[in-house]
Structure formats: C-alpha cells, structure tokens
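Numbering (the UniProt record's numbering), first residue to last: 1 to 546.
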Ligand SMILES: C[S@@+](CC[C@H](N)C(=O)[O-])C[C@H]1O[C@@H](n2cnc3c(N)ncnc32)[C@H](O)[C@@H]1O
C-alpha cells in the first residue's frame with residue numbers, strides 16, 4: 001500500500017520512472033494486488049513501453065476476473081433498468097449457477113431478482129447515477145476494470161495492433177482526454193461501447209475459445225532501441241571479470257587454439273546496445289579442416305515431428321530399419337523421451353523437473369505450424385524459464401547465457417508479435433510460475449526472445465519444416481563473415497581453410513548461402529541479427545567465386 005501511494009505521488013509529478021519502480025517494489029511484496037498492476041500499466045504507457053503496459057493490464061484483469069468469477073457485477077441506475085432486466089432474463093433462461101452481487105444497486109427489486117436466479121457470466125452495466133457512493137468498493141472494482149481495459153486498448157493502439165474485434169479501441173482513443181486525466185468520467189453512450197468491448201475482450205481471454213490463438217496472431221510495431229534501461233544484466237556483460245572468465249573457458253575448450261577478443265565493428269554497421277562486442281581469434285596457426293573446438297550445446301529443442309532425444313536432440317530412429325529405441329521418462333504421464341537414462345538424468349537436473357508430465361501442446365501447436373525456424377524459439381524460452389525456476393534466479397542471470405548478445409533493431413523499431421504475450425503466459429502456466437512473479441516479468445521474456453534469435457543454430461527437416469535448434473554458450477561468441485574461415489558441423493567448429501595466428505575466426509550465419517543474393521543476405525542480417533555486414537564481399541558486391 002505504501003509503495004502504491006509513493007508510486008501514485010510520483011505519477012502526479014509525472015515522474016513515471018520512480019512510479020514504475022515503486023509499483024514494481026510493491027509487487028514484490030504484494031504480487032496479487034490488481035491496483036499495483038493497473039497503476040504500473042499506466043506508468044509503462046507513459047514511459048513508452050506499451051507492450052509491458054498491455055501485459056500488466058492483462059494481469060490486473062486476471063486478478064479482477066478471479067473476483068468476477070465469484071461475483072457478478074451489476075451496476076445500474078434508472079437509465080439501465082431495462083438492460084438489467086434483460087441480463088436477469090438471459091441468466092434465468094441459461095440457468096447458470098450461484099453468484100453474489102457486489103454492486104451498489106439502488107433498485108432493490110432487480111438486485112433481489114439477480115440474487116435469486118444466479119448467473120456466472122460477466123455483465124457490467126455501468127451507471128452514471130450520481131447518487132452512488134464514490135467510495136463504494138464495488139464501484140472502485142468496476143472502475144478499475146474499465147481502466148485496465150482502457151489501458152489495454154491504448155497499448156494496442158500504441159503498438160499499432162488493429163483488428164476488427166478490437167475496433168472499439170478506436171472509440172477509446174476518441175476518449176484520449178480521459179486517460180490523460182487518468183479519470184473515467186464517461187458518458188452513458190461511451191459506457192455502452194466500453195461494455196461491448198469488455199465482453200469481447202472477456203471472450204478473447206477465455207482459453208476454451210477456439211479463436212484464442214488466432215486472436216493473438218497479430219503483429220504490431222514497437223520501439224526497441226536499447227532494450228530496457230533497468231536491465232542490469234547488460235551492465236554486467238561489459239565487466240572485465242566476465243571477459244576473463246569467458247576467455248579462459250574458450251581457451252580450455254579449444255585446447256588453446258582459440259581465444260576471446262574485443263572487436264570493434266564499424267559503428268554504422270551495428271545497432272547493438274552492447275558497448276563491447278566480443279569475437280574469437282586464433283591463438284596459433286591452424287591448418288585447413290582441423291577442428292578448432294567442440295562444444296556440447298547448452299540447450300537443444302526440437303519440433304517432435306521426428307523422434308529425437310529431448311535432451312541432446314539425437315535422432316532416435318534407426319534409418320536402416322526405422323526402429324525407434326528410447327528411454328522414457330519413468331514418471332507416469334510424462335511423454336519426454338531420451339537416448340538413455342544419462343540424458344534423462346542430465347535433463348532432470350537442468351530443466352526437466354518443472355516440465356515433467358506437463359502438456360506443452362499449446363506451444364507445440366505454434367512451433368509446428370511455423371514456417372521459419374524462428375518458431376522453434378518458443379521451446380527455448382520454455383526451457384530457459386524452467387532452468388531459471390530450478391535455479392531460483394531470473395532467466396537473464398543464467399550463467400551459460402547471460403553474456404549472449406541481444407538483438408537490437410537497426411532503426412530502433414521492431415515488429416511486435418502479439419503471440420509473444422500468449423506464449424509467455426502459456427510458458428508460465430506450464431511451468432507453474434505465478435504470472436504475478438516479477439522475477440519472470442514480461443520484459444525478461446522479451447529479452448530472451450532477442451537473445452535467442454541471434455544466437456542459435458537451427459535446421460529444417462527433409463520436408464523443409466523447422467525441425468531442431470541448438471544454442472551454444474561459447475560458439476555463440478563467433479562472429480559472422482560472408483567469406484568465413486570456419487564452419488559448424490556436428491557441434492564442431494572446423495577450419496574451412498588455413499587460419500593464421502591472431503586472425504579472427506568467423507562463420508557464415510546463413511550457412512550455405514547459395515539461395516541469397518547480396519541484397520537478401522544483407523536484409524537477413526539486418527532483420528535477424530541487427531547488423532549490416534561490411535565484409536569485403538558485401539562491400540564489393542562480389543560472390544565468393546569471383
Ligand atoms: C552470435 S553473436 C557473435 C558474438 C558477439 N559479437 C558478442 O559480442 O557476443 C552475433 C552478434 O554479433 C554481432 N556481429 C557478428 N558478426 C558481425 C558482423 N560481421 N558485423 C557486425 N556485427 C556482427 C551482431 O551484433 C550479432 O547480432
């Protein structure tokens with residue numbers, strides 16, 4: 001409560017940063033206070049993070065919905081008597097279960113009738129009845145509900161997400177003056193429009209709704225130049241200690257063939273907010289085709305089209321006779337399969353426990369329907385959050401991943417995919433992580449998205465479907481060149497030609513690039529990795545053969 005009041009005072013002074021910090025601290029103490037989520041949502045909106053405002057508003061709605069499930073809110077006054085009666089009749093004919101009224105009805109007849117029949121569907125009829133008591137709890141509840149729906153709508157519009165089922169956002173935007181004042185003094189006509197929107201949103205948030213996933217598959221645009229300023233994992237990345245630690249790991253794993261260096265890319269070529277960019281160089285002369293280093297991936301994921309080990313991705317089908325041999329997780333109801341008990345044990349220690357026996361179908365449906373290998377990334381986020389849960393830390397503090405570069409868009413804007421928010425909620429639900437735990441906040445998930453997208457090796461199957469992907473802790477430090485001197489094969493970094501001592505070791509991020517011309521190569525690097533390649537080949541527009 002104290003933090004909320006401090007936050008509110010900061011909001012009044014337009015100090016949105018302090019307000020957001022106070023609300024976040026408040027949420028550490030009382031994570032299930034809908035008012036804190038509702039208020040932080042506004043702070044995020046004002047600070048320019050509509051994607052986070054949207055998620056906070058959704059969480060406030062979740063908490064308010066909990067209350068709605070126990071109660072039915074009917075606020076009415078003279079002008080809405082007939083509407084109230086309709087609600088009563090509708091409820092009567094559907095014969096729905098028990099409910100209680102939390103409203104401040106002046107019309108005792110209707111109240112009585114509603115109590116008698118029972119009803120579980122949300123029905124809000126907002127009154128402009130000036131006789132209502134302002135400090136009434138139920139009124140506060142409904143006002144908060146409208147506020148969060150309204151904030152959601154503004155966040156949608158700031159993200160430029162438009163869809164016919166949220167057309168009513170436009171109505172909200174016409175009422176911009178209300179949100180500016182942070183007050184909800186709404187006319188009866190506006191009120192009805194809000195109501196219709198509210199019902200639609202309510203339906204959209206119901207998982208049983210077959211349109212659920214379709215509804216969320218929309219795109220928007222969001223500002224995303226430097227990541228989130230409060231993210232201290234980015235400060236740690238530039239520390240000397242981390243550099244020395246990574247350097248040592250690299251030297252040991254490569255048997256002193258490779259070392260870590262700091263590189264400076266042409267400033268105009270790289271949008272990364274990372275002050276320091278790392279790269280890998282040869283510590284001695286290396287002959288062509290020799291193995292520079294072999295690394296076990298830190299994480300593997302696969303799409304389950306083909307039977308693979310859920311720990312190391314190894315194919316479990318013998319291609320000679322199509323027989324499948326695997327070790328099943330001994331827990332009844334768990335569908336995970338492994339090469340052997342050793343892989344199962346390793347998986348259990350690292351990420352499997354919170355996933356054991358869980359139904360991950362909603363995430364698989366999305367990864368399996370994806371046409372690009374990037375769709376596999378939702379499986380990475382699931383495992384990353386599982387590891388963080390087991391270790392009791394924030395996902396961005398996982399040692400093996402915390403140094404990885406994150407994607408930053410060249411022009412400061414990225415495509416916002418609304419599916420991220422539903423996949424995020426799904427991930428938390430599967431892992432049994434509370435959606436109100438700020439250590440697993442939505443911005444953390446977004447940062448994982450930008451970390452994974454530029455640090456994985458993915459492959460398609462023989463039908464061209466996204467099949468599997470791996471993420472390496474150290475091999476991820478190798479930079480790209482369109483005329484590389486090394487390549488990756490079966491977890492081994494191999495020299496493509498002779499490499500001289502001190503020479504940077506590079507690979508091609510698009511593997512065999514026969515399908516790319518100069519232009520499509522460039523746009524791929526810009527889109528996926530956030531850099532403009534300035535290697536000789538790109539600068540001179542020549543092909544390797546030339
Ligand atoms: C897999 S990481 C490579 C290691 C990275 N330099 C680091 O500091 O950890 C990929 C990122 O490195 C940077 N990068 C790699 N190759 C590059 C190149 N040729 N030109 C500019 N930036 C490059 C980009 O920021 C890219 O998203």
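Note that beta-carbon positions come from the ideal geometry of N, C-alpha and C, so glycine has one too.
- With a threshold of 7 Å, the Cβ atom of residue 227 does not count as near ligand 1, since no heavy atom of the ligand is closer than that.
- Assignment of residue 222 by DSSP, reduced to helix, strand and coil, places it in the strand class.
- The alpha-carbon of residue 513 is positioned some 46 Å away from that of residue 24.
- It is roughly 18 Å from the alpha-carbon of residue 53 to the alpha-carbon of residue 448.
- Annotation: residue 256 is outside any alpha helix (DSSP H) and is labelled neither H nor E by DSSP.
- Its chain contains 467 and 468 as the residues whose beta carbon lies nearer than 6 Å to that of residue 459, once the 5 sequence neighbours on both sides are disregarded; these appear in chain order.
- With respect to residue 283, residue 259 sits close: the two C-beta atoms are nearer than 8 Å.
- A residue is called buried once 16 or more other Cβ atoms fall within 10 Å of its Cβ, and residue 230, having fewer, is exposed.
- Between residue 330 and residue 432 a beta carbon distance of about 20 Å is seen, past the 8 Å cut, so the two are scored as non-contacting.
- Around the Cβ of residue 34, a 10 Å sphere holds 16 or more other Cβ atoms; the residue is buried.
- The C-beta of residue 9 has fewer than 16 other C-beta atoms within 10 Å across all chains shown, which makes the residue exposed.
- The continuous beta strand (DSSP E) containing residue 282 extends over residues 277-282.
- Rounded to whole angstroms, the gap between the alpha carbons of residue 320 and residue 443 is 47 Å.
- According to the DSSP assignment, residue 11 belongs to the alpha helix (DSSP H) that extends over 2-12.
- A Cβ-Cβ separation of about 6 Å places residue 445 in contact with residue 381 under the 8 Å criterion.
- In the structure shown, residue 247 falls within a helical segment according to DSSP collapsed to helix, strand and coil.
- By the C-beta density criterion, residue 152 is buried, having at least 16 other C-beta atoms within 10 angstroms.
- Distances taken from the Cβ of residue 265 to the heavy atoms of ligand 1 include one shorter than 7 Å.
- In terms of CA proximity to residue 29, 436 leads the group 236, 436, 397 and 396.
- In the three-state scheme derived from DSSP, where H, G and I count as helix and E and B as strand, residue 335 is classed as coil.
- Within the model, the alpha-carbon separation for residue 422 versus residue 291 is close to 42 Å.
- Each residue's CA atom was taken as its position, placing residue 345 and residue 41 some 42 Å apart.
- Here residue 474 is near residue 253, since their CB atoms are less than 8 Å apart.
- Around the beta carbon of residue 470, 16 or more other beta carbons lie within 10 angstroms, which makes this residue buried.
- Looking at the DSSP output, residue 46 sits in no beta bridge, so it has no partner there.
- Distance from the CA of residue 485 to the CA of residue 505, rounded to the nearest whole angstrom, comes to 6 Å.
- If you check the CB distance, residue 495 and residue 289 come in under 8 Å.
- By the criterion of a C-beta distance shorter than 6 Å, residue 451 is surrounded in its chain by 404 and 406, once the five residues flanking it on both sides are discounted.
- DSSP places residue 496 outside any alpha helix (DSSP H), giving it a letter other than H or E.
- For the alpha helix (DSSP H) assignment, the uninterrupted runs of no fewer than 4 residues enclosed by the stretch 337-370 are, from N- to C-terminal side, 341-347 and 361-369.
- Straight through space, the alpha carbons of residue 428 and residue 356 are spaced by roughly 14 Å.
- DSSP, read as helix, strand or coil, puts residue 372 in coil.
- For the stretch 376-463, the continuous alpha helix (DSSP H) assignments of 4+ residues that do not extend past its boundaries occur at 377-391, 419-431 and 442-452, in sequence order.
- Each of 66, 390 and 303 was checked against the Cα of residue 32, and the nearest Cα belongs to 66.
- DSSP places residue 291 inside the beta strand (DSSP E), whose first and last residues are 291-294.
- Residue state for residue 479 is assigned as strand, using DSSP reduced to three classes.
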